[in-house]
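In terms of the numbering used here, the sequence shown opens at residue 5 and continues consecutively. Every residue, glycine too, gets a C-beta built ideally from N, C-alpha and C. Let me begin by presenting the structure, written as structure tokens, before commenting on it.
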Amino acid sequence: MIRAITVLPAGTFRPDLARDTVLLDFDERRRRRGVVMGEKGIEFLVDLAETPALAHGDAFELEDGRLVLIAARAEKLVEFRLADPTAFTRLAWHLGNRHTPTQILPGRLRIRDDHVLVEMVKKMGGAEIVFVEAAFDPEGGAYGHGATMGHDHGHSHGHESADPAVVAALARRAKRRAERAPHVHGPDCGPDCGHDHSHDHGHDHSHGHDHGHSHDHGHSHAHGHDHGHDHDHDHDHGDDHGHRHR
């Protein structure tokens with residue numbers, strides 16, 4: 005089967021050169037791979053390298069050079085109409101807080117028909133609720149690409165639509181958590197067993213632990229233990245005894 009491996013954005017080609025048109029709903033316009041059929045009978049395999057965010061007016065370019073226009077299919081939507089700017093902003097916040105894909109229009113917010121959210125808006129009041137059939141083109145997520153994904157903050161999603169920036173941020177967070185994990189000393193743990201002794205001590209030693217050594221001689225020794233404090237020892241021992249906290 006012939007494949008489409010390239011997408012041409014609207015405005016970068018002549019639409020009259022397209023040989024067919026394919027109708028796709030919102031989910032289908034976010035699908036990386038699948039067989040589609042054009043209105044004039046051209047059937048092909050969409051086989052893109054990354055999950056797309058296709059828009060009405062874009063086009064697939066087939067392997068043989070033919071173009072197939074992409075048109076947004078009408079879907080059942082619910083539209084909330086609010087004249088008051090404060091009420092509009094408040095409702096937009098509530099929808100966004102629920103990670104609901106939302107299309108923003110002048111004085112109107114559109115979502116896919118959802119009776120739970122419709123009931124929520126009724127209880128909030130201040131909005132005219134209208135059911136419509138139209139192409140759905142919601143706002144993109146915080147990392148762009150037009151993809152808005154509902155998710156639980158406590159999970160890391162592994163599906164292919166995850167943005168690389170999100171994946172990198174989650175990896176950095178996991179690394180920070182690992183670095184903050186307490187170190188457990190074992191019988192083979194030596195001075196270089198993986199914890200960092202390079203902390204700067206800058207606090208007053210009046211908090212009650214005794215180092216057990218005298219400071220009236222000129223010795224130089226290194227502490228081989230971790231105080232576990234996040235504050236600095238800023239003490240003045242009154243002599244030059246070469247302490248190095250490593």
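C-beta contact flag for residue i and residue j at 7 Å
i, j, result
"F92", "L86", "yes"
"F135", "V72", "no"
"L49", "M5", "yes"
"D31", "E79", "no"
"T25", "E43", "yes"
"Q107", "P56", "no"
"R70", "R23", "yes"
"A14", "G61", "yes"
With 16 other Cβ atoms within 10 Å as the buried cut-off, status of residue i
i, result
"L21", "exposed"
"R18", "exposed"
"D88", "exposed"
"I9", "exposed"
"V39", "exposed"
"P105", "buried"
"L66", "buried"
"R36", "exposed"
"K127", "exposed"
"D68", "exposed"
"V125", "buried"
"L109", "exposed"
The alpha helix (DSSP H) enclosing residue i, as first and last residue numbers
i, result
"F92", "P89 to N101"
Extent of the continuous beta strand (DSSP E) to which residue i belongs
i, result
"L121", "Where L121 is concerned, there is no enclosing beta strand (DSSP E), although the alpha helix (DSSP H) it sits in stretches over H119 to M128."
"M5", "Counting along the chain, M5 falls outside any beta strand (DSSP E), and DSSP gives it neither H nor E."
"A75", "L71 to A76"
"E65", "A63 to L66"
"D51", "E47 to D51"
"D24", "D24 to L28"
"F135", "E132 to A139"
"R114", "R112 to R116"
"L109", "Q107 to L109"
One or two residues paired with residue i in a DSSP bridge
i, result
"K44", "Note: K44 sits in no beta bridge, so no partner."
"F84", "L113 and I133"
"T10", "E65"
"E54", "In DSSP, E54 forms no bridge with anything."
"E79", "A138"
Whole-Å CB distance - residue i paired with residue j, under 8 Å assumed
i, j, result
"V77", "A131", "Per the sequence presented here, residue 77 reads as Arg, with Val not at that position. With a Cβ gap of about 26 Å, R77 and A131 do not count as contacting."
"F84", "R112", "7 Å"
"A75", "L12", "In fact, because the Cβ distance is near 14 Å, the residues do not count as touching under 8 Å."
"V122", "I133", "6 Å"
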